[in-house]
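K.L.:
Residue numbers are given in UniProt numbering: position 29 of the sequence shown equals residue 29, and the series is strictly consecutive.
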Amino acid sequence: MTRRSPWTLVVTAVTLSAGLLFGVSASTSEGSDLRPGQRDLSQVVLAANQRVAGQAATAKRLQGEVDALSKRSGAGATASNLAKQADSLAPRAGFTAITGDTVTVTLDDSKRDPATLPEGANLNWMVVHQQDVQAVVNALWRGGAKAMMLMDQRVISTSAVRCVGNTLILQGRVYSPPFKITAMGDQAQLRKALKDDPDVANYRDFVDRVGVKYEVKNGSNTTFPPFEGTTELRYAKTTKK
Numbered sequence: 001m002t003r004r005s006p007w008t009l010v011v012t013a014v015t016l017s018a019g020l021l022f023g024v025s026a027s028t029s030e031g032s033d034l035r036p037g038q039r040d041l042s043q044v045v046l047a048a049n050q051r052v053a054g055q056a057a058t059a060k061r062l063q064g065e066v067d068a069l070s071k072r073s074g075a076g077a078t079a080s081n082l083a084k085q086a087d088s089l090a091p092r093a094g095f096t097a098i099t100g101d102t103v104t105v106t107l108d109d110s111k112r113d114p115a116t117l118p119e120g121a122n123l124n125w126m127v128v129h130q131q132d133v134q135a136v137v138n139a140l141w142r143g144g145a146k147a148m149m150l151m152d153q154r155v156i157s158t159s160a161v162r163c164v165g166n167t168l169i170l171q172g173r174v175y176s177p178p179f180k181i182t183a184m185g186d187q188a189q190l191r192k193a194l195k196d197d198p199d200v201a202n203y204r205d206f207v208d209r210v211g212v213k214y215e216v217k218n219g220s221n222t223t224f225p226p227f228e229g230t231t232e233l234r235y236a237k238t239t240k241k
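Laid out in structure tokens, this is it:
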């Protein structure tokens, strides 16, 4: 069996570091808006792609340095420094456990009697949808989150958030509400990002209108486990007729 070179982790860690997830998760939403007032995410995806391009350039540069060092002798100190860089990036990329301060957002369906809804209300408004979960995830990444958990799973750039009815499907597991999204980072910045995000604000409007739940709590000295799923990327292929 061929062992993966440790230098490959340099490229992988840089590519999968903070910023990539929010671009991917923003683009995985499908279907029509079930809650009025949701904004178009095209500009968000564009900005994310630009950040990813920057990460890719950094990865390419580091790989070039690694390749050059591997052809030399007596480059132990520089190689050691690059190894330390890879180690420091690994927690952010999701490959190792990480501990720090967190902000947890809880979303839940409304428990209100549908007969008491205001005139013109839609029963879909009483349920947490994929777009609502994604809005929170995206806002937290924009707020500088360096790691994230969705329910009991660590999420990375290839983690797609999908809902069927009022259940959430994440990396092969199915969850029922309430849905909890926990981000690690500067708590003040994360809370500000949630407050300023128009999609999250739109969801909060329905807290009073139909009774859906939105709760934000701080946590300290929280440990996230390493990501346990696959990092394989799948993409569409053309077919010949």
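Note that the Cβ used here is the ideal one computed from N, Cα and C, for glycine as well.
Whose C-beta lies closer than 6 Å to the C-beta of D101 among residues of the same chain, with five residues either side of it excluded?
P.N.:
Q187, S220
K.L.:
What is the DSSP secondary structure of R112, counted as helix, strand or coil?
P.N.:
In the structure shown, R112 falls within a coil segment according to DSSP collapsed to helix, strand and coil.
K.L.:
Compute the Euclidean distance between the alpha carbons of D196 and S176, then round it to the nearest angstrom.
P.N.:
27 Å
K.L.:
If you run the structure through DSSP and keep just helix, strand and coil, what is K195?
P.N.:
helix
K.L.:
Do the region 146-162 and the region 119-129 touch if we need at least three Cβ pairs shorter than 8 Å?
P.N.:
no
K.L.:
For the beta strand (DSSP E) containing N221, name the first residue and the last one.
P.N.:
Counting along the chain, the beta strand (DSSP E) containing N221 begins and ends at 213-224.
K.L.:
According to DSSP, simplified to helix, strand and coil, what is V136?
P.N.:
helix
K.L.:
Taking Cβ to Cβ, would you say K213 is nearer than 7 Å to D113?
P.N.:
no
K.L.:
If you draw a straight line from the C-alpha of K217 to the C-alpha of T104, how long is it?
P.N.:
5 Å
K.L.:
Which of the three DSSP states is assigned to G100 in this structure?
P.N.:
strand
K.L.:
For L170, which beta-bridge partners are listed by DSSP?
P.N.:
R173
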